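If you count the sequence shown from 1, position 99 lands on 116 in our numbering, and the numbers rise without skipping. Backbone N, C-alpha and C fix where the C-beta goes; we use that ideal spot for every residue, glycine too. Bear in mind that the values here come from a model prediction, so they are computed numbers and not experimental data. The block underneath contains the structure these notes are about, expressed in structure tokens.
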Amino acid sequence: MASESFKKQLSSYAKYSSADRSFEAPRLTLTFQVRPRYDLDYKPWDEICFVITRAADDPQKQTCIIHWDPIEDGFNSGDILLLRHEAGQLRPVPSNQPCTKSIHPRQVSVSNKCFKQLDPGDRVDWFKPTIPSTSFGFANGQSWEIVWKGGQIPLWDWGTLAEHDGSQLVPKSPAIILPSRPPQSFEFTDEESDIEDETVLYPSSPIPLSPSARVIDAPVLSMSIAGPETLSMTDRVRGRIHYPVTITITYDPAPGPPDDRPVIFHVCVFTSIDRYTGGFKLYFKDCGEWIPYQVNPIFMHHAYRFSKPEPFNVGQNDGDQFQALRPGESWSFTREVTDFPKNAAPGHQFRYRFKGTSPEWWDWGNFQDHDSTIVWLVEDRLSDPKDNDGRPAIVIPASNWVEFRLVE
């Protein structure tokens with residue numbers, strides 16, 4: 018992390034701040050995901066992930082689309098600053114690539130990865146754009162700072178990609194402002210790093226699901242969550258802080274003719290630890306914006322590599338892997354949030370939410386009805402039947418938010 022004197026120097030490069038935003042445009046924020054260390058002899062400098070997040074509390078609630086190219090509007094835009102540490106000072110290093118920006122009209126295409134769609138709270142990313150090391154003269158043994166100075170997205174509009182597909186997206190006024198961001202540090206080294214220290218870059222997790230995503234003829238389930246308003250930093254278990262969240266899943270009576278059939282489902286997606294592709298998501302507050310926190314996937318890397326499918330009897334509820342409900346009934350349990358940013362400290366604010374997902378297996382009936390039903394699991398993930406025997410997916414939409422603050 019840059020020192021206070023470095024931060025003061027870096028702040029002088031800022032082009033836009035949150036105060037420059039217009040109420041009439043979506044509130045978007047750009048962040049980077051970079052590794053702390055690179056080895057040019059091992060792999061090229063091409064692992065960086067640009068992330069654009071729309072504020073969950075954006076006053077504008079309409080869906081928006083944008084066109085943003087990680088090369089033209091990122092590294093070649095002049096809005097990114099790279100500085101090299103030299104003799105206790107930070108020296109700006111310009112790119113030798115021509116300066117380009119996406120300002121001319123573009124034909125909207127759903128398949129073009131430069132076009133993205135965002136609702137409030139959504140996050141989109143551009144994974145691993147290729148940045149030649151020769152563009153900035155990178156070399157092993159150097160330490161750098163990368164800074165987003167702030168920029169604009171002129172190519173945007175309200176609506177969905179499907180609504181605009183095939184039409185021309187032209188510059189819109191006011192442009193979307195992407196405020197400047199704090200620097201991120203990285204270095205080039207020829208020393209092999211430990212796998213536990215690696216930062217793995219992954220695409221973004223699924224977007225929140227709305228009730229409209231539910232499937233006809235499937236049971237209607239919903240979720241609510243609750244948790245304390247504060248979390249003490251002293252309440253640690255094996256060095257980790259644990260935030261308890263009470264989860265309540267309710268089987269809502271379906272609209273239309275009464276249907277009193279019970280439903281039974283596999284509970285893994287609700288009870289297992291947080292995954293970056295999972296239904297639960299932690300956010301932290303940074304410069305007034307809610308930023309999604311990416312769960313460290315390293316410890317999950319080999320979780321299923323050597324595991325074999327095992328049979329589980331549904332009716333006997335082997336391993337407490339299943340739950341049955343009748344219309345109007347609820348099931349509650351407590352899960353814990355344990356993966357927090359390394360720099361988490363008293364005063365930091367967080368929010369947590371279930372973004373929505375589907376159980377991997379379900380069927381009509383109760384435990385007695387499925388006394389002879391066998392499903393195959395690898396660890397806690399479904400292996401067979403793969404297509405849920407043709408039954409439609411149960412879509413459980415996004416839940417409410419819980420917000421909490423760290424205290425001493």
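{"Check": "If you run the structure through DSSP and keep just helix, strand and coil, what is Gln385?", "Outcome": "helix"}
{"Check": "Could I get the ranges of all uninterrupted beta strand (DSSP E) runs contained in the stretch 228 to 316, with 3 residues as the minimum, in chain order?", "Outcome": "237 to 243, 247 to 249, 260 to 269, 280 to 283, 297 to 303 and 306 to 309"}
{"Check": "Going by C-alpha distance, which of Glu246, Trp143, Ser160 and Trp393 is nearest Gln201?", "Outcome": "Ser160"}
{"Check": "Whole-angstrom Cβ separation of Thr288 and Phe350, contact assumed at under 8 Å?", "Outcome": "7 Å"}
{"Check": "Quick one: measure Cβ to Cβ for Lys166 and Tyr30, integer angstroms, because I've assumed they're closer than 8 Å.", "Outcome": "5 Å"}
{"Check": "At what residues does the beta strand (DSSP E) containing His84 begin and finish?", "Outcome": "Cys81 to His84"}
{"Check": "Would you mind giving the Cβ-Cβ distance between Gln340 and Val284, rounded to the nearest angstrom? I have them listed as a contact below 8 Å.", "Outcome": "5 Å"}
{"Check": "Would the stretch 101 to 112 and the stretch 177 to 188 be scored as touching if the rule is three or more Cβ pairs under 8 Å?", "Outcome": "no"}
{"Check": "Here's a check: name, in chain order, each residue in its chain whose Cβ is nearer than 7 Å to the Cβ of Cys131, leaving out the five neighbours to either side.", "Outcome": "His84, Trp85 and Asp86"}
{"Check": "I'd like to know whether the C-beta atoms of Pro171 and Ala73 end up nearer to each other than 8 Å.", "Outcome": "no"}
{"Check": "With the cut-off set at 8 Å, would you say Ile82 and Gly91 are in Cβ contact?", "Outcome": "no"}
{"Check": "For His102, report the span of its beta strand (DSSP E) as first-last.", "Outcome": "Ile97 to Glu103"}
{"Check": "Going by beta-carbon coordinates alone, are Val51 and Ile242 separated by less than 8 Å?", "Outcome": "no"}
{"Check": "Runs of 4 residues minimum, wholly inside the stretch 177 to 207: which ones carry the alpha helix (DSSP H) assignment?", "Outcome": "178 to 181"}
{"Check": "Using the rule of at least 16 other Cβ atoms within 10 Å of the residue's Cβ for burial, across every protein chain shown, is Thr48 buried or exposed?", "Outcome": "buried"}
{"Check": "If you pair each beta-carbon of the stretch 230 to 239 with each one of the stretch 255 to 268, do three or more pairs fall below 8 Å?", "Outcome": "yes"}
{"Check": "Mapping DSSP to helix, strand and coil, what is Asn405?", "Outcome": "helix"}
{"Check": "For a test of the three-state rule: what should DSSP assign to Pro109, helix, strand or coil?", "Outcome": "strand"}
{"Check": "Where DSSP assigns a beta bridge to Asn330, which residues make up the other side?", "Outcome": "Ile391"}
{"Check": "In its own chain, which residues sit with a C-beta less than 6 Å from the C-beta of Thr46, not counting the 5 before and 5 after it?", "Outcome": "Thr70 and Glu306"}
{"Check": "Look at the alpha carbon of Asp234 and the alpha carbon of Gly345, and state the distance between them as a whole number of angstroms.", "Outcome": "17 Å"}
{"Check": "Confirm, please, whether the CB-CB distance from Ala230 to Ala42 is below 8 Å.", "Outcome": "no"}
{"Check": "Is Phe421 helix, strand or coil by DSSP?", "Outcome": "strand"}
{"Check": "For the candidate residues Val110, Trp393 and Pro76, whose alpha-carbon lies nearest to that of Gly336?", "Outcome": "Trp393"}
{"Check": "At the level of alpha carbons, what is the spacing between Pro363 and Tyr33?", "Outcome": "29 Å"}
{"Check": "What does the alpha-carbon distance come out to for the pair Arg198 and Arg253?", "Outcome": "31 Å"}
{"Check": "Based on the DSSP secondary-structure assignment, which residues constitute the bridge partners of Val354?", "Outcome": "Tyr260"}
{"Check": "In the DSSP assignment, what residue or residues form a beta bridge with Ala341?", "Outcome": "Ile281"}
{"Check": "Just to confirm the assignment, what range does the beta strand (DSSP E) spanning Glu377 have?", "Outcome": "Counting along the chain, Glu377 falls outside any beta strand (DSSP E), and DSSP gives it neither H nor E."}
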